[in-house]
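S.K.:
Numbering (our numbering), first residue to last: 445 to 730.
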């Protein structure tokens with residue numbers, strides 16, 4: 445049986461597997477892992493690489509499983525580059541890579557590192573068709589994965605937990621949940637027609653926007669509060685201001701453009717936070 449639906453040679457197979465790498469959605473979890481590592485006082489590049497690779501494998505699993513369910517099971521998508529067999533092979537490969545990374549983290553760090561890492565794969569594998577049918581889990585699955593990636597990135601370096609990375613993880617969980625609500629609003633009509641209960645379907649598009657921007661505003665207020673309390677570097681407030689400027693513009697845009705702006709705004713938000721931490725070592729805080 446063929447692996448790729450649009451060709452049988454090795455190049456077609458390679459393109460099919462590569463098609464499941466979606467940079468816009470893959471970069472944030474990988475960046476969160478590295479951000480968590482930066483928050484630690486010491487940095488081991490080998491351990492950091494293993495954790496980043498684990499996050500890549502988890503997100504790749506999510507993309508393959510989501511495509512498999514949406515095209516081969518639900519029949520929602522018009523096309524998919526992988527056959528059913530190709531999807532199963534892709535899932536087997538990504539899961540194997542993830543498992544090997546967990547073994548290495550157990551050897552290089554400890555069992556707690558594995559315990560923090562494994563839930564990212566569980567969220568990825570069960571996103572479709574289990575988690576994406578409930579307004580809460582459909583919204584928070586991806587942001588929770590990023591939050592765990594950040595905390596895990598810190599833990600594998602420091603072999604302990606601390607208030608700062610947990611605080612940042614909380615901020616990203618709330619902020620990205622708001623963005624996810626806007627993203628899901630793009631498919632409101634279709635999701636409603638197939639009885640898929642996103643936040644927009646559950647409460648209506650207008651109230652979904654209120655929920656989304658309320659979550660994002662809450663995240664920014666948490667940043668400011670933690671900066672005032674000296675849990676975060678004071679310059680972290682600049683990240684909140686930068687994202688607030690993007691959100692103000694996105695508030696007047698349609699869901700598709702708003703999602704694009706907010707996702708890129710989250711990149712800016714992360715970049716400013718990294719700079720804030722980089723130029724003010726956490727050891728000097730409080």
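Glycine included, C-beta positions come from ideal geometry on N, C-alpha and C.
Helix or strand or just coil, what does DSSP make of residue 605?
M.R.: One-based indexing of the chain shown puts residue 605 at position 161. Correct three-state label for residue 605: coil.
S.K.: Taking the alpha carbon of residue 547 as the reference point, which residue from 483, 499, 481, 558 has its own alpha carbon closest?
M.R.: As a first step, residue 547 must be located in the chain shown, where it is residue number 103. Ranking the options by Cα distance to residue 547, first place goes to 558.
S.K.: Within its chain, find whatever has a CB closer than 8 Å to the CB of residue 726; leave out the 5 residues flanking it on each side and keep chain order.
M.R.: Residue mapping note: residue 726 aligns to position 282 of the chain shown, counting from 1. Because the pLDDT of residue 726 is 45, which lies under 50, any placement of that residue in the model is unreliable, and the question is left without a value.
S.K.: Are residue 626 and residue 703 touching if we call contact CB-CB under 9 Å?
M.R.: Position 182 of the chain shown, counting from 1, holds the residue named residue 626. Position 259 of the chain shown, counting from 1, holds the residue named residue 703. In this structure, residue 626 lies near residue 703, with their beta-carbon atoms less than 9 Å apart.
S.K.: Rounded to a whole number of angstroms, what is the C-alpha to C-alpha distance between residue 453 and residue 592?
M.R.: Here residue 453 corresponds to residue number 9 of the chain shown, with the count starting at 1. Here residue 592 corresponds to residue number 148 of the chain shown, with the count starting at 1. Approximately 38 Å between the Cα atoms of the pair.
S.K.: Looking only at DSSP bridge pairs, what is residue 526 linked to?
M.R.: Position 82 of the chain shown holds residue 526. Answer by DSSP bridge pairing, in chain order: 448.
S.K.: So, under 8 Å CB-CB, residue 619 and residue 660 are touching, yes? Tell me the CB distance rounded to an integer number of Å.
M.R.: Here residue 619 refers to the residue found at position 175 when the chain shown is read from its first residue. Here residue 660 refers to the residue found at position 216 when the chain shown is read from its first residue. Rounded, the Cβ-Cβ distance is 6 Å, consistent with contact.
S.K.: Specify whether the region 460-478 and the region 502-510 touch according to this definition: at least 3 beta carbon pairs, one from each stretch, less than 8 Å apart.
M.R.: yes
S.K.: What does the alpha-carbon distance come out to for the pair residue 552 and residue 613?
M.R.: Position 108 of the chain shown, counted from the first residue, corresponds to residue 552. Position 169 of the chain shown, counted from the first residue, corresponds to residue 613. Looking at the two C-alpha atoms, the distance is approximately 23 Å.
S.K.: If we ignore side chains and look at the alpha-carbon of each, how far apart do residue 688 and residue 707 end up?
M.R.: Locating residue 688 in the chain shown gives position 244, where the first residue counts as 1. Locating residue 707 in the chain shown gives position 263, where the first residue counts as 1. If I take the Cα positions, the gap works out to 13 Å.
S.K.: For the candidate residues 631, 653, 526, 716, whose alpha-carbon lies nearest to that of residue 622?
M.R.: As a working note, residue 622 is residue 178 in the chain shown. Residue 622 has its Cα closest to that of 653, out of 631, 653, 526, 716.
S.K.: Can you tell me the Cα-Cα spacing of residue 662 and residue 697, whole angstroms?
M.R.: Taking the first residue of the chain shown as 1, we reach residue 662 at position 218. Taking the first residue of the chain shown as 1, we reach residue 697 at position 253. Approximately 21 Å between the Cα atoms of the pair.
S.K.: Would residue 600 and residue 718 qualify as a contact pair, given that the criterion is a beta-carbon distance under 9 Å?
M.R.: The residue you call residue 600 lines up with position 156 of the chain shown. The residue you call residue 718 lines up with position 274 of the chain shown. No, these two residues do not count as a Cβ contact at 9 Å.
S.K.: Which two residues bound the contiguous alpha helix (DSSP H) that contains residue 456?
M.R.: The residue labelled residue 456 in the question sits at position 12 within the chain shown. Element bounds for residue 456: 454-462.
S.K.: Going by DSSP in three states, residue 650 sits in which element: helix, strand or coil?
M.R.: Reading the chain shown from its first residue, position 206 is the one you call residue 650. Of the three classes helix, strand and coil, the one that applies to residue 650 here is helix, per DSSP.
S.K.: With three or more beta-carbon pairs closer than 8 Å as the criterion, would you say the region 569-585 touches the region 511-518?
M.R.: A contact exists between the region 569-585 and the region 511-518.
S.K.: Please classify residue 642 as buried or exposed, where buried requires at least 16 other C-beta atoms within 10 Å of its C-beta.
M.R.: Residue 642 sits at position 198 when you count from the first residue of the chain shown. Looking at its Cβ environment, which holds 16 or more other Cβ atoms inside 10 Å, residue 642 is buried.
S.K.: Please report the distance separating the alpha-carbon of residue 586 from that of residue 451.
M.R.: Here residue 586 is taken as the residue at index 142 of the chain shown, counted from 1. Here residue 451 is taken as the residue at index 7 of the chain shown, counted from 1. When rounded, the distance between both Cα atoms is 32 Å.
S.K.: Does residue 639 come out as helix, strand or coil in the three-state DSSP assignment?
M.R.: In the chain shown, residue 639 corresponds to position 195, counting from 1. Coil, per DSSP.
S.K.: Could you check how far apart the C-beta atoms of residue 590 and residue 476 are, in whole angstroms? I think they sit under 8 Å.
M.R.: Residue 590 sits at position 146 when you count from the first residue of the chain shown. Residue 476 sits at position 32 when you count from the first residue of the chain shown. Indeed, because the Cβ distance is near 5 Å, the residues count as touching under 8 Å.
S.K.: If you draw a straight line from the alpha carbon of residue 489 to that of residue 628, how long is it in whole angstroms?
M.R.: Residue 489 sits at position 45 when you count from the first residue of the chain shown. Residue 628 sits at position 184 when you count from the first residue of the chain shown. When rounded, the distance between both Cα atoms is 36 Å.
S.K.: For residue 485, report the span of its alpha helix (DSSP H) as first-last.
M.R.: If you number the chain shown from 1, residue 485 lands on position 41. Residue 485 -> no alpha helix (DSSP H), and no H or E assigned at all.
S.K.: What's the call for residue 746, buried or exposed, on a 16-neighbour Cβ count within 10 Å?
M.R.: Residue 746 falls outside the range modelled here, since the chain spans only 445 to 730, and no answer is possible.
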